[in-house]
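**Student:**
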Amino acid sequence: MLKIIYAGTPEFALPALQALIAGEDEVVAVYTQPDRPAGRGRKLQPGPVKSVALEHRLPVYQPLNFADPADVDLLRGFDADLMVVAAYGLLLPSVILGAPRLGCINLHASLLPRWRGASPIQQAILAGDERTGISLMQMEPGLDSGPILASRALDIDGQWSAGDLHDRLAPLAAELLEASLGDIENLLARAPGRKTRPRSPTHPDYKNSRPGSTGPNRRRSWRARSVRITPGRSATLTSVPTACGCGVPWPRPAKRAIGPGGFWRTTGKAYESPAGRVACA
Numbered sequence: 007m008l009k010i011i012y013a014g015t016p017e018f019a020l021p022a023l024q025a026l027i028a029g030e031d032e033v034v035a036v037y038t039q040p041d042r043p044a045g046r047g048r049k050l051q052p053g054p055v056k057s058v059a060l061e062h063r064l065p066v067y068q069p070l071n072f073a074d075p076a077d078v079d080l081l082r083g084f085d086a087d088l089m090v091v092a093a094y095g096l097l098l099p100s101v102i103l104g105a106p107r108l109g110c111i112n113l114h115a116s117l118l119p120r121w122r123g124a125s126p127i128q129q130a131i132l133a134g135d136e137r138t139g140i141s142l143m144q145m146e147p148g149l150d151s152g153p154i155l156a157s158r159a160l161d162i163d164g165q166w167s168a169g170d171l172h173d174r175l176a177p178l179a180a181e182l183l184e185a186s187l188g189d190i191e192n193l194l195a196r197a198p199g200r201k202t203r204p205r206s207p208t209h210p211d212y213k214n215s216r217p218g219s220t221g222p223n224r225r226r227s228w229r230a231r232s233v234r235i236t237p238g239r240s241a242t243l244t245s246v247p248t249a250c251g252c253g254v255p256w257p258r259p260a261k262r263a264i265g266p267g268g269f270w271r272t273t274g275k276a277y278e279s280p281a282g283r284v285a286c287a
C-alpha cells in the first residue's frame with residue numbers, strides 16, 4: 007500500500023481523487039489552491055477538490071507556494087511514497103518534486119508533447135484535433151517535460167465543446183491512474199530517457215489535426231467556429247458570440263475591436279480574422 011499525497015484543484019481533478027479514496031492506497035494529505043472569491047458577494051469559496059477531501063475527512067493544505075520552508079517541512083513530514091498531481095495550478099519546485107520516495111507524477115490532459123501548459127483541452131478544440139487523451143508523466147522542474155509513463159487516447163467528436171471534452175477526459179485520467187498505480191515503481195524505473203521532446207509540425211503526432219492545422223501556433227481562420235461580420239466594420243467581442251454556438255471560451259476574456267482581415271491577440275498568440283469573419287476561439 008502506497009502513502010500518497012494528492013494535489014489538485016478544479017473539477018478535472020475530482021475523479022482521480024475519488025479513485026484514490028476508493029482504492030487500496032492511503033491518501034495522507036490533499037494539497038489544493040487557496041480559496042478564491044466567487045459569486046455576487048465575492049466570498050471565499052473552496053475549490054471542488056477541497057470540498058470532496060473535507061467530505062472524506064482528509065487533511066487539506068493550501069499553501070500559496072512552497073517558498074516558506076515550514077510548508078516544505080510539513081510535506082516532507084508525511085513521509086509519502088508518491089505525490090499525484092492533476093491540475094493543481096502551481097509549478098512545483100525541485101525540493102517538493104524530490105520529497106516523496108518515488109517523486110511526483112502528473113495527469114496531463116493531452117497526448118504529450120502536444121499541448122503542454124495550462125489549457126490543453128481548449129487548445130485541442132481550437133486546433134480542430136481529432137484525437138487527444140491523458141498522459142501520465144514523471145514530474146521534473148520543466149513544464150510538462152518529464153518522462154511519459156503511460157497514456158490513454160480519446161477520439162474527439164467534431165461537435166464537442168471544450169466542456170464536453172473535459173467531461174470525458176477527467177474520468178479517463180482516473181482510469182489511467184488506477185491502471186498504473188499497481189506497477190508505478192516499474193514504470194518509474196523504466197522512465198529515464200523517455201522525455202517529451204518538442205516535435206516539428208511534420209511529425210506524425212501532428213497528423214491528428216483536421217486539414218488546415220499544421221501546428222499549435224498556426225494563424226488560421228476557424229471556419230467551423232466563426233461569426234460573420236460585415237466587411238469594413240468592426241466587432242467588439244467580450245465572450246463567445248451567441249451566433250457561434252460552439253460554446254468554447256476565449257483563451258482570455260478580452261474586449262477588442264476587430265476589423266475584417268485584422269488580428270486579435272491574446273497571451274502572445276495571434277488569430278487571423280479574414281475578410282468577413284472573426285476568429286472564434
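Position one of the sequence shown corresponds to residue 7 (this note's numbering), numbered consecutively onward. Positions of the beta carbon are idealized from the N, C-alpha and C atoms, including for glycine.
Between which two residues does the beta strand (DSSP E) carrying Gln68 extend?
**Tutor:** Within the sequence shown, the letter at position 62 stands for residue 68. Premise fails: Gln68 is in no beta strand (DSSP E) and is neither H nor E.
**Student:** Is the separation between the beta-carbon of Asn192 and that of Met143 shorter than 8 Å?
**Tutor:** The residue labelled residue 192 in the question sits at position 186 within the sequence shown. The residue labelled residue 143 in the question sits at position 137 within the sequence shown. Their beta carbons are not under 8 Å apart, which means Asn192 does not touch Met143 by this criterion.
**Student:** Please report the distance separating the alpha-carbon of Leu160 from that of Leu108.
**Tutor:** One-based indexing of the sequence shown puts residue 160 at position 154. One-based indexing of the sequence shown puts residue 108 at position 102. Computed Cα separation, rounded: 28 Å.
**Student:** By how many angstroms is the C-alpha of Leu118 removed from the C-alpha of Arg42?
**Tutor:** On the sequence shown, position 36 is the one that residue 42 refers to. On the sequence shown, position 112 is the one that residue 118 refers to. Arg42 and Leu118: Cα-Cα distance of roughly 30 Å.
**Student:** Straight-line CA distance for Leu80 to Leu182?
**Tutor:** Here residue 80 refers to the residue found at position 74 of the sequence shown. Here residue 182 refers to the residue found at position 176 of the sequence shown. Distance between the alpha carbons of Leu80 and Leu182: 29 Å.
**Student:** For the region 132-148 and the region 160-170, state whether three or more C-beta atom pairs, one from each stretch, are separated by less than 8 Å.
**Tutor:** Yes: the two stretches touch, three or more of their Cβ pairs being nearer than 8 Å.
**Student:** Near Val55, which residues of its chain fall below 7 Å by C-beta distance, leaving aside the five closest residues on each side in sequence?
**Tutor:** On the sequence shown, position 49 is the one that residue 55 refers to. Counting only Cβ-Cβ distances below 7 Å, and skipping sequence neighbours, we find Gly14, Thr15, Ala19, Leu20, Leu23, Val36, Thr38.
**Student:** Thinking just about the alpha-carbon of each residue, which of Gly148, Leu149, Asp189, Leu132 is nearest to the one in Gly169?
**Tutor:** In the sequence shown, the residue the question calls residue 169 occupies position 163. For the residues Gly148, Leu149, Asp189, Leu132, the minimum Cα distance to Gly169 belongs to Leu132.
**Student:** Using C-beta distances below 6 Å, list every residue in its chain close to Pro147, excluding the 5 sequence neighbours before and after it, in chain order.
**Tutor:** On the sequence shown, position 141 is the one that residue 147 refers to. The answer, listed in chain order, is Ser100.
**Student:** Along the chain, where does the alpha helix (DSSP H) containing His172 start, and where does it finish?
**Tutor:** As a first step, residue 172 is located in the sequence shown; it is residue number 166 there, counting from the start. Element bounds for His172: 168-187.
**Student:** If we ignore side chains and look at the alpha-carbon of each, how far apart do His114 and Pro69 end up?
**Tutor:** Here residue 114 refers to the residue found at position 108 when the sequence shown is read from its first residue. Here residue 69 refers to the residue found at position 63 when the sequence shown is read from its first residue. So the two alpha carbons sit approximately 22 Å from each other.
**Student:** Determine the burial state of Arg196: buried for a count of at least 16 other Cβ atoms within 10 Å of its Cβ, exposed for fewer.
**Tutor:** Here the question's residue 196 lines up with position 190 in the sequence shown. Flag for Arg196 reads exposed.
**Student:** Check whether the Cβ atoms of Tyr12 and Val33 lie closer than 8 Å to each other.
**Tutor:** Taking the sequence shown and counting its residues from 1, the one referred to as residue 12 is at position 6. Taking the sequence shown and counting its residues from 1, the one referred to as residue 33 is at position 27. Yes, the pair counts as a contact, with Cβ atoms nearer than the cut-off.
**Student:** Identify every run of the alpha helix (DSSP H) within the region 93-163, keeping only runs that are complete inside it and at least 4 residues long; order them along the chain.
**Tutor:** Fully enclosed alpha helix (DSSP H) runs of 4 or longer: 100-103, 126-133.
**Student:** Reducing DSSP to helix, strand and coil, say where Arg82 ends up.
**Tutor:** Along the sequence shown, one-based indexing puts residue 82 at 76. If DSSP states are grouped into helix, strand and coil, Arg82 belongs with the helices.
**Student:** Can you list, in chain order, the residues of its chain whose CB lies under 6 Å from that of Ala105, leaving out five sequence neighbours each side?
**Tutor:** Working through the sequence shown from its first residue, we reach residue 105 at position 99. Closer than 6 Å at the Cβ level, and outside the excluded window around Ala105, lie Leu81, Arg82.
**Student:** With H, G and I counted as helix, E and B as strand and the rest as coil, what does DSSP make of Ala197?
**Tutor:** Position 191 of the sequence shown holds residue 197. Looking at Ala197 - three-state DSSP - the assignment turns out to be coil, as it is neither helix nor strand.
**Student:** Whole-angstrom Cβ separation of Pro156 and Ser116, contact assumed at under 8 Å?
**Tutor:** As a position in the sequence shown, residue 156 is number 150, starting the count at 1. As a position in the sequence shown, residue 116 is number 110, starting the count at 1. Note that residue 156 corresponds to Ala in the displayed sequence, not to Pro. Not quite, the Cβ-Cβ distance comes to about 14 Å (not below 8 Å), so this is no contact.
**Student:** Buried or exposed for Ala59, going by 16 or more other Cβ atoms inside 10 Å?
**Tutor:** For the purposes of this step, residue 59 is taken as the residue at position 53 of the sequence shown. Buried, since its Cβ has 16 or more Cβ neighbours within 10 Å.
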